[in-house]
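In terms of my numbering, the sequence shown is residues 15 to 580.
All residues carry an ideal CB built from backbone N, CA and C; glycine is no exception.
These numbers come from a predicted model, not from an experiment.
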Amino acid sequence: MSQQVISYADLSIINSALRSISSDMSGVHSELGTLNFKQDQLESELVKLAESFTDFVEADLKHKALQLAETRQGNLKQDLQIKFGYYAEVRRMATGILQGVDTGVVSDDTLKFTTEEVMIKAPGYWLAPALVSLAAWVRNDKNTTEKALNEALKRDDYKTTLFFMMVMRRLTRNDASLKWLERYFMHQNPHNLDREFIIILEAVTTGVFPPASKQLMMINVKNWLDQLTQSDTFINEQKSQWVKFFEALGPSSDSKYPLLEKFSPNWSSLDNSLKEAKTHELLNSHFKSIISSSADFSKGVKVQLDEILSLLVTNFDDEELPLQEQVRFNQLIIQMDGDKSAAQAVMDAEKHIFDEQVDFLQLLTNASFNPELSGASKVTQALAVSISQPWILESYDTFTAQSRNKIPQNIEISIDDFKASTKDGSEENELLKDQEIFYSKLLETELKKLSFPYAGVIIGILICLLGLWAFSLHPIVGFLGCGIGGVIIWSSINNHKKAKKQIIENIENRKTKAKEILRGCLVESVDYRREHNIEDNKAEQVRQLLSSITPEDFSSVSKETARSII
């Protein structure tokens with residue numbers, strides 16, 4: 015009797031242990047089926063987190079750069095006002111004095127008092143004694159005229175010469191104007207021209223100077239072009255700047271292809287290539303605007319001269335250039351919403367505008383890029399573009415060729431570790447088959463990782479055998495042993511089937527989602543290539559437009575003068 019009690023106790027302990035083992039193994043097999051899925055989810059979430067963090071850092075840097083630029087912009091403008099504020103007042107006064115001389119409504123005493131006050135308040139500024147000399151000349155004070163003129167020439171011979179050359183022509187003193195023009199050309203070096211020369215080029219070619227000045231201008235400009243174009247150095251420098259200008263003019267991203275942006279590893283190259291392709295339309299509008307703005311020259315000669323002279327006396331002085339350059343850079347940062355790289359790209363394209371002295375070819379390029387910053391008018395910009403047309407066209411061909419060479423031949427796609435590439439999105443059937451094979455192999459690999467529960471089955475079989483052996487001793491014990499063994503075998507196999515089913519369902523879900531994403535990427539690839547081709551084909555329109563530009567197209571330049579210059 016005691017032996018039976020002990021036997022029942024031993025079997026109870028074994029039974030409890032076996033149930034515990036069976037339960038643990040069931041949990042293990044269940045977890046194995048979802049482990050890889052959770053790992054994939056974790057990796058995906060980590061990638062999203064890293065991308066979000068990168069976007070956050072970039073946005074934060076732009077926000078800080080924007081705030082800093084706005085602060086600096088205000089400080090720089092204050093510095094300009096403090097250091098050179100009176101220069102601006104002198105420049106405004108110069109225009110008023112010229113108008114007063116024209117109309118004769120300003121008394122000699124007023125002119126004398128005003129100009130002498132300017133002389134005191136703007137020490138070192140060339141325009142102050144120039145105005146004193148002009149006022150003295152109006153009232154026939156020869157002694158003061160000569161003294162003030164000598165002082166103005168001493169402070170800045172070049173600008174004083176330029177100023178009186180324009181004033182004498184305005185007052186129809188043709189002989190005096192021509193003499194000042196001859197003196198002006200004595201200052202010129204085609205390798206180091208002041209920024210204002212482009213205005214004089216326009217003034218002579220529009221006929222606001224005496225007829226004899228055209229011959230003088232043509233001789234000098236033709237010699238300069240021949241001299242500078244003999245060497246490839248100067249032409250290549252202008253070509254390089256034009257290429258940079260074209261590159262900086264590209265539009266910003268519009269997030270038109272969200273799936274490619276997310277699932278294409280070479281999206282950055284694709285996006286940059288599309289931006290450069292879209293640049294053609296912007297350039298077409300840019301040069302059309304220049305041509306159309308220069309087509310209406312109905313103003314009289316006197317009004318044209320007023321505008322040219324106004325530009326001369328209102329341009330900022332060389333001393334102001336460093337601060338003006340900083341103001342421009344911070345202004346670009348604000349316009350680009352804190353994107354310093356984009357602002358710097360535009361600044362690099364414009365940087366030569368702020369050079370105090372440049373060669374003749376550079377002067378034309380400055381006026382073509384940004385006439386306002388280079389101190390020229392829209393008319394001058396059109397003339398500069400027309401003279402620069404040969405190397406602008408070559409630069410555009412270079413830009414187009416470089417852009418086309420950088421077009422990615424394939425659009426790479428990476429979805430859930432499935433990697434593929436498409437040329438134009440037309441390989442949908444092939445890629446879907448490849449994706450199907452990928453997930454079939456993935457399923458096969460994942461199922462291989464799921465091992466058959468041999469341990470549980472063997473334990474169950476051993477318990478069944480033990481139960482059969484015990485059946486001869488005690489039927490109840492034998493029956494219980496066989497039952498427990500059978501339960502363990504069934505539980506192990508059933509858990510294995512469940513884990514296998516979960517893996518299959520997981521892979522099927524991933525495959526379904528990946529297939530939808532792949533189809534979406536291929537649709538966007540088709541749209542991308544179509545848009546890229548449309549934008550790239552616009553290059554021919556730009557090239558035809560540039561090829562058609564000549565100085566003879568502008569009514570402000572006589573055909574005879576244009577042919578002589580070019």
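Between residue i and the rest of its own chain, which residues show a CB-CB distance below 8 Å, the 5 nearest in sequence each way excluded?
i, result
"F301", "V399, V556, L559, L560 and I563"
"S267", "D285 and K289"
"L215", "M231, V235, T394 and L397"
"K199", "Per the sequence shown, residue 199 should be read as Phe rather than Lys. So the list reads L230 and N234, once near-sequence residues are dropped."
"E549", "L288, A291, K292, H294 and E295"
"G497", "G481"
"I348", "L80, A83, E84 and Q87"
"H77", "G352"
Near residue i, what residues of its chain come up, given a Cβ to Cβ distance below 7 Å and the 5 sequence neighbours on each side ignored?
i, result
"S191", "M179, M182, R183, F223 and P224"
"L456", "I521"
"S428", "F277 and P279"
"S312", "For S312, the pLDDT reaches just 34, beneath the cut-off of 50, and the residue's location in the model is therefore unreliable, although a value from the coordinates is still provided. There are no such residues."
"K264", "A small correction: the amino acid at residue 264 is Gly; Lys does not occupy that position in the sequence shown. So the list reads K289, E290, K292 and T293, once near-sequence residues are dropped."
"N424", "S435, T436 and K437"
According to DSSP, which residues form a beta bridge with residue i?
i, result
"E426", "S435"
"Q371", "D208"
Could you tell me which of the options sits nearest to residue i, measuring between CA atoms?
i, options, result
"I531", "I233, E84, P489 and Q449", "Q449"
"F211", "F177, T459 and S303", "F177"
"A381", "Q252, G221 and E261", "Q252"
"L80", "E460, D353 and H205", "D353"
"Q55", "E408, D430 and E72", "D430"
"I503", "L480, S486, G474 and L487", "G474"
"G110", "T436, N157 and L145", "L145"
"E130", "L112, G114 and V104", "V104"
"A12", "K135, M133 and K126", "Since the first residue of the chain shown is 15 and the last is 580, residue 12 is not available in this structure."
"F432", "E261, R524 and K135", "R524"
"A553", "E261, L167 and N298", "N298"
"D170", "Q244, K193, N237 and H201", "H201"
"F466", "K512, F493, E426 and L494", "K512"
"T158", "V152, L167 and S147", "S147"
"H510", "S245, L461, W194 and G221", "L461"
"D195", "V218, D208, L185 and L207", "Here residue 195 is Leu; the residue named in the question, Asp, does not match the sequence. With distances taken between Cα atoms, L195 lies closest to V218."
"H205", "S121, N344, N419 and F248", "F248"
"A73", "K135, L346 and M350", "M350"
"W151", "M361, L185 and C535", "L185"
"L239", "D189, F374, E165 and K168", "F374"
"P272", "N551, D208, C535 and R543", "C535"
To the nearest angstrom, how far is it from the Cα of residue i to the Cα of residue j?
i, j, result
"K463", "A359", "54 Å"
"E522", "S417", "42 Å"
"E545", "R187", "60 Å"
"T412", "Q516", "58 Å"
"F452", "N443", "14 Å"
"K161", "L141", "14 Å"
"A356", "R342", "13 Å"
"M107", "S66", "56 Å"
"T175", "P404", "32 Å"
"F70", "E59", "16 Å"
"Q241", "K228", "20 Å"
"N154", "A262", "54 Å"
"P401", "W281", "Sequence inspection shows Ile at residue 401; the Pro mentioned does not correspond to that position. For I401 and W281, the distance between alpha carbons rounds to 40 Å."
"I20", "K514", "Bear in mind that a pLDDT of 42 at I20, under 50, signals an unreliable position, so the number given afterwards is only what the model happens to contain. About 42 Å."
"C478", "E441", "58 Å"
"N419", "L112", "56 Å"
"T459", "Q53", "15 Å"
"A23", "V61", "Only weak support is given to the placement of A23: the predicted model assigns it a pLDDT of 45, under 50, and the question is left unresolved by the model."
"N547", "A528", "28 Å"
Does any residue of chain B have a CB that is nearer than 8 Å to the CB of residue i?
i, result
"F127", "The displayed structure is made up of one protein chain only, and chain B is not part of it."
Got a sec? Which residues, its chain only, sit under 6 Å from residue i by beta carbon, not counting five neighbours each side?
i, result
"V257", "S409, T412 and F413"
Item to check | Whole runs of the alpha helix (DSSP H) within the stretch 160-228, excluding any shorter than 4 residues | outcome: 171-184, 188-200 and 211-219
Checklist entry - Of all the alpha helix (DSSP H) runs that stay within the bounds of the stretch 119-146, which reach a length of 4 or more residues? => result 122-135
Checklist entry - Of all the beta strand (DSSP E) runs that stay within the bounds of the stretch 431-512, which reach a length of 3 or more residues? => result 432-436
Checklist entry - Can you give, in chain order, each stretch of the alpha helix (DSSP H) that sits fully within the stretch 251-290 and has at least 4 residues? => result Every unbroken stretch of the alpha helix (DSSP H) spanning 4 or more residues and falling wholly within the stretch 251-290 is given here in chain order: 272-277.
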